[in-house]
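For the sequence shown, the working numbering begins at 497 and goes up steadily by one.
Yeah, the Cβ is synthetic: ideal placement off N, Cα and C, and Gly gets one too.
A short worksheet on the structure shown next.
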Amino acid sequence: MFTGLVKDVGEVSIIQRNSEGLLITVNSRSISSNVRIDDSVSINGACQTVVSHNQASFTVQAVETTLGKTNFNELKLGSRVNLELALRLSDRLGGHLVQGHVNGVGKILGWKNIGDNYLLSFSIPKDLMKYVVGEGSITLNGVSLTVANLEKGKNKGEVSIIPHTWNNTQFSFAKVGESINIEVDVLAKYVENLLLYSRENKAEKKESKISEDWLKSHGFWE
497 MFTGLVKDVG EVSIIQRNSE GLLITVNSRS ISSNVRIDDS VSINGACQTV VSHNQASFTV
557 QAVETTLGKT NFNELKLGSR VNLELALRLS DRLGGHLVQG HVNGVGKILG WKNIGDNYLL
617 SFSIPKDLMK YVVGEGSITL NGVSLTVANL EKGKNKGEVS IIPHTWNNTQ FSFAKVGESI
677 NIEVDVLAKY VENLLLYSRE NKAEKKESKI SEDWLKSHGF WE
């Protein structure tokens, strides 16, 4: 689990194809000095497991499933990537709950300068639009952001990026047309599942087993 608050911008130094997918090595002294083998690291919003590391870099194994759901196939030597270590239970949750499970890939459509801020326009896969709401949370390349504007008919969204985020993430290197990893707020997916389950029960005329007596018997009611 992550917060969407990027801790460092790393640089891809090695990309090696193997039978499982891609071995990706990222240069980042601050991250490498704080990880062990089997630790989780968010790379552009995708949760990956460290398989080796030294003082200057760390390596992850990106499997084919990850390559099919993320922009990892577009990484090149020298690509800048957003990095975040896994959340500790004692840490402050400054962003929002981010799983590191990329739901889809969009495209950067444009940038606008508004004072010292930047307005990022991006496309959203049609099947993800139902999970995105104005002023709701969204994760783009591992960065926790708030949806500023939404055009559902065009499958398009906008987020505002403050100078600190611009200067301390991969966004300052991103260009129009590049792919961007998207993770929607997991709470929206849970709500959808609950509603679908409720409809299925109603259609099959099933009654919920949860009642006041059931809650009392399980210690939820005093």
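How many whole angstroms separate the CB atoms of Met497 and Leu605, which I take to be in contact at a CB cut-off of 8 Å?
Rounded, the Cβ-Cβ distance is 30 Å, inconsistent with contact.
When you compare only the Cα positions, how much space is there between Thr642 and Val546?
29 Å
Residue burial classification, Val508 (beta-carbon count within 10 angstroms, cutoff 16):
buried
Sequence-distant residues of its chain with Cβ nearer than 7 Å to Val628 (five each side left out)
Ile620, Ile634, Val643, Leu646, Gly653, Val680
Is the segment 609-626 touching the segment 564-583 in the sense that three or more CB pairs, one from each, lie closer than 8 Å?
Look at the beta carbons and you see the segment 564-583 not touching the segment 609-626: under three pairs across the two are nearer than 8 Å.
Which first and last residues belong to the beta strand (DSSP E) in which Gly549 is found?
Residue identity check: residue 549 is His in the sequence provided, not Gly. Its beta strand (DSSP E) spans residues 542-549.
At the level of alpha carbons, what is the spacing between Ala582 and Gly596?
9 Å
Tell me whether Gly649 is buried or exposed, calling it buried when 16 or more other Cβ atoms sit within 10 Å of its Cβ.
exposed
From the DSSP output, in three-state form, read off Ala673 for me.
A small fix is needed here, since residue 673 is Gly in this sequence, not Ala. Reduced to three states, the DSSP call for Gly673 is coil.
In or out: Phe554 buried (at least 16 other Cβ within 10 Å) or exposed?
buried
Let me know if Lys671 comes out buried or exposed under the rule of 16 or more other beta-carbons within 10 Å of its beta-carbon.
It is exposed - the Cβ of Lys671 has fewer than 16 other Cβ atoms within 10 Å.
For a test of the three-state rule: what should DSSP assign to Gly535, helix, strand or coil?
Here residue 535 is Asp; the residue named in the question, Gly, does not match the sequence. Reduced to three states, the DSSP call for Asp535 is coil.
Are the beta-carbon atoms belonging to Lys503 and Ile527 less than 8 Å from one another?
yes
Using the three-state DSSP reduction, which class does Gly591 fall into: helix, strand or coil?
coil
Taking only three categories from DSSP, how would you classify Glu718?
Because the pLDDT of Glu718 is 49, which lies under 50, any placement of that residue in the model is unreliable, and the question is left without a value.
To which residues does DSSP link Arg513 through a beta bridge?
Leu518
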